[in-house]
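Asker:
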Amino acid sequence: MSANDLFEKVTADLVAAIEEGAGGWRMPWQQLAAAGTPRSIDGRPYRGWNALVLAMTAADRGWSSTWATYRGWQRHNCQVRRGERGTQVVLWKPTERKDQVTSEDETGRASRSLLARTFTVFAAEQVEGGDRVLISRIDRPERERVAAADAYFSAIGSRVLLGGDRACYVPSLDTIHLPAFEQFDRPSDFYSTSAHEHTHWTGHADRLGRDLSGRFGDHAYGAEELIAELGAAFWCAQFELAQATREDHAAYLADWLALLQSDSRALVAACGHAQRAVDHLNTLAGWSPPSGSADEQLEAAA
Numbered sequence: 012m013s014a015n016d017l018f019e020k021v022t023a024d025l026v027a028a029i030e031e032g033a034g035g036w037r038m039p040w041q042q043l044a045a046a047g048t049p050r051s052i053d054g055r056p057y058r059g060w061n062a063l064v065l066a067m068t069a070a071d072r073g074w075s076s077t078w079a080t081y082r083g084w085q086r087h088n089c090q091v092r093r094g095e096r097g098t099q100v101v102l103w104k105p106t107e108r109k110d111q112v113t114s115e116d117e118t119g120r121a122s123r124s125l126l127a128r129t130f131t132v133f134a135a136e137q138v139e140g141g142d143r144v145l146i147s148r149i150d151r152p153e154r155e156r157v158a159a160a161d162a163y164f165s166a167i168g169s170r171v172l173l174g175g176d177r178a179c180y181v182p183s184l185d186t187i188h189l190p191a192f193e194q195f196d197r198p199s200d201f202y203s204t205s206a207h208e209h210t211h212w213t214g215h216a217d218r219l220g221r222d223l224s225g226r227f228g229d230h231a232y233g234a235e236e237l238i239a240e241l242g243a244a245f246w247c248a249q250f251e252l253a254q255a256t257r258e259d260h261a262a263y264l265a266d267w268l269a270l271l272q273s274d275s276r277a278l279v280a281a282c283g284h285a286q287r288a289v290d291h292l293n294t295l296a297g298w299s300p301p302s303g304s305a306d307e308q309l310e311a312a313a
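Heads up: the sequence shown runs through residues 12 to 313, numbered per my numbering.
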């Protein structure tokens, strides 16, 4: 299956699930936040689109989320069981081409574009001997994870105003507004909401420069909200904190449904923007995930 076919299939499956479940259905990125970041057999995290797809698959089948290619498992003296069907993920590879020479520029400047290639990975539960190499997660007490989250956001340097009854980011003032910590049912709800609004914050023109001009109901607004929801999910997964369910969940489901129906690449684009947003926040906070990513290893392990 080509990468474009994969994007269309996953998006179509998501659209069908939203339509079937209506307003009471939870978006699958909340499963990602609850389960933690999917990892390779070597413990490296998958990112962006791949993290979302693997978390969706693992949650649907009741699996843990440790993955490797067929040969990757063989290198660890494990064997994928006969008849098992793998899950496809995507590796983005930079390619170089020369721009056409114009009268204004006769240097033939090289430009980079990204080429998507699919790879098939298998979960530990699909493999003979997979239980021997399952990545063990360190189950830290919630108070430690909450303390780490608090230190993380304190280090970013954003302007956050606490109080009131709504959470939002105001681009014109470059301020984040959050209800007070005590107004949330759980500490994780406060920090996941903060992650959502901080994802919006990264879109400011002085940071990652996304389109923040949309109004509720239009395409730009829906796209940015999807980015923020995914950003919060990616952030929650790396801190192993549950993601809060929005009170206006049903209204946003309708908005996202329209967006996904109109553009089969909206989800993969949002995953990319969300991962870049979390990477930006991680840099500002001085927080480092495990070195390297599982995505980078795909080609070598194929």
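C-beta: ideal position from N, C-alpha, C; glycine also.
1. Quick one: give me the first and last residue of the alpha helix (DSSP H) that W212 is part of.
2. Tell me whether G47 is buried or exposed, calling it buried when 16 or more other Cβ atoms sit within 10 Å of its Cβ.
3. Spatial neighbours of N127 within its chain, please: C-beta separation below 7 angstroms, excluding the five flanking residues on both sides.
4. Count the other CB atoms within 10 Å of the CB of A216; is the residue buried (16 or more) or exposed (fewer)?
5. For Q137, collect the residues of the same chain with a Cβ closer than 7 angstroms to its Cβ; drop the 5 residues on either side in sequence, then sort them by chain order.
6. For S273, name the three-state secondary structure that DSSP assigns.
7. Just the C-alpha distance for C179 and T131, rounded to the nearest angstrom, thanks.
8. What separation, rounded to the nearest whole angstrom, lies between the Cα atoms of L268 and N88?
9. On the criterion of 16 or more Cβ atoms from any shown chain inside 10 Å, does T68 qualify as buried, or is it exposed?
10. Go to L65, then tell me how far its alpha helix (DSSP H) extends in each direction, as first and last residue.
11. List the endpoints of the continuous beta strand (DSSP E) containing V181.
12. Report the three-state DSSP secondary structure of Q254 (helix, strand or coil).
13. State the Cα-Cα distance for the pair C231 and S224, rounded to the nearest angstrom.
14. With DSSP run on the structure shown, which of helix, strand or coil describes L223?
15. Suppose you measure from the CA of M12 to the CA of S275; what does that come to, to the nearest Å?
16. Taking C-beta to C-beta, are A243 and S203 nearer than 8 angstroms?
17. Pull up the DSSP beta-bridge partners for F133, would you.
18. In terms of residues, what are the limits of the beta strand (DSSP E) holding V144?
19. Label S114 either buried or exposed according to how many other C-beta atoms from any shown protein chain fall within 10 Å of its C-beta, with 16 as the threshold for buried.
20. Looking at C-alpha atoms only, which residue of H291, L292, L278 is the closest neighbour of V26?
Answerer: Taking the coordinates as given:
1. The residue labelled residue 212 in the question sits at position 201 within the sequence shown. Segment 198-213, the alpha helix (DSSP H) holding W212.
2. Position 36 of the sequence shown, counting from 1, holds the residue named residue 47. So G47 ends up on the buried side.
3. Indexing the sequence shown from 1 puts residue 127 at position 116. According to the sequence shown, residue 127 is Ala rather than Asn. These residues qualify, in order along the chain: A14, V101, W103.
4. Position 205 of the sequence shown holds residue 216. Exposed: under 16 other Cβ atoms inside 10 Å.
5. Residue mapping note: residue 137 aligns to position 126 of the sequence shown, counting from 1. Result list for Q137: V91, R92, E95, in chain order.
6. Position 262 of the sequence shown, counted from the start, is the residue given in the question as residue 273. If DSSP states are grouped into helix, strand and coil, S273 belongs with the helices.
7. What you label residue 179 is simply residue 168 of the sequence shown in a count that begins at 1. What you label residue 131 is simply residue 120 of the sequence shown in a count that begins at 1. If you take the alpha carbons of C179 and T131, they lie about 39 angstroms apart.
8. Residue numbering aside, residue 268 sits at position 257 when the sequence shown is read from its first letter. Residue numbering aside, residue 88 sits at position 77 when the sequence shown is read from its first letter. Between L268 and N88, the C-alpha separation is close to 44 angstroms.
9. Residue mapping note: residue 68 aligns to position 57 of the sequence shown, counting from 1. By the neighbour-count rule (16 or more Cβ atoms within 10 Å), T68 is buried.
10. In the sequence shown, the residue the question calls residue 65 occupies position 54. Run containing L65: 59-72, per the alpha helix (DSSP H) assignment.
11. The count along the sequence shown starts at 1 and reaches residue 181 at position 170. Run containing V181: 179-181, per the beta strand (DSSP E) assignment.
12. Position 243 of the sequence shown holds residue 254. Q254: coil per DSSP, three-state reduction.
13. Residue mapping note: residue 231 aligns to position 220 of the sequence shown, counting from 1. Residue mapping note: residue 224 aligns to position 213 of the sequence shown, counting from 1. According to the sequence displayed, residue 231 carries Ala and not Cys. Distance between the alpha carbons of A231 and S224 is about 7 angstroms.
14. As a first step, residue 223 must be located in the sequence shown, where it is residue number 212. In the structure shown, L223 sits in coil (DSSP, three-state: anything other than H, G, I, E or B).
15. For this step, residue 12 is matched to residue 1 along the sequence shown. For this step, residue 275 is matched to residue 264 along the sequence shown. Each residue's alpha carbon lies about 15 angstroms from the other.
16. Taking the sequence shown and counting its residues from 1, the one referred to as residue 243 is at position 232. Taking the sequence shown and counting its residues from 1, the one referred to as residue 203 is at position 192. The answer is yes: Cβ separation under 8 angstroms.
17. To locate residue 133, count along the sequence shown from 1; it is residue 122. Answer is A79.
18. The count along the sequence shown starts at 1 and reaches residue 144 at position 133. Where V144 is concerned, there is no enclosing beta strand (DSSP E), given that its DSSP letter is neither H nor E.
19. Residue mapping note: residue 114 aligns to position 103 of the sequence shown, counting from 1. Per-residue confidence for S114 stands at a pLDDT of 31, beneath the threshold of 50, marking its modelled position as unreliable; no derived number is given.
20. To locate residue 26, count along the sequence shown from 1; it is residue 15. Nearest option by C-alpha distance: L278.
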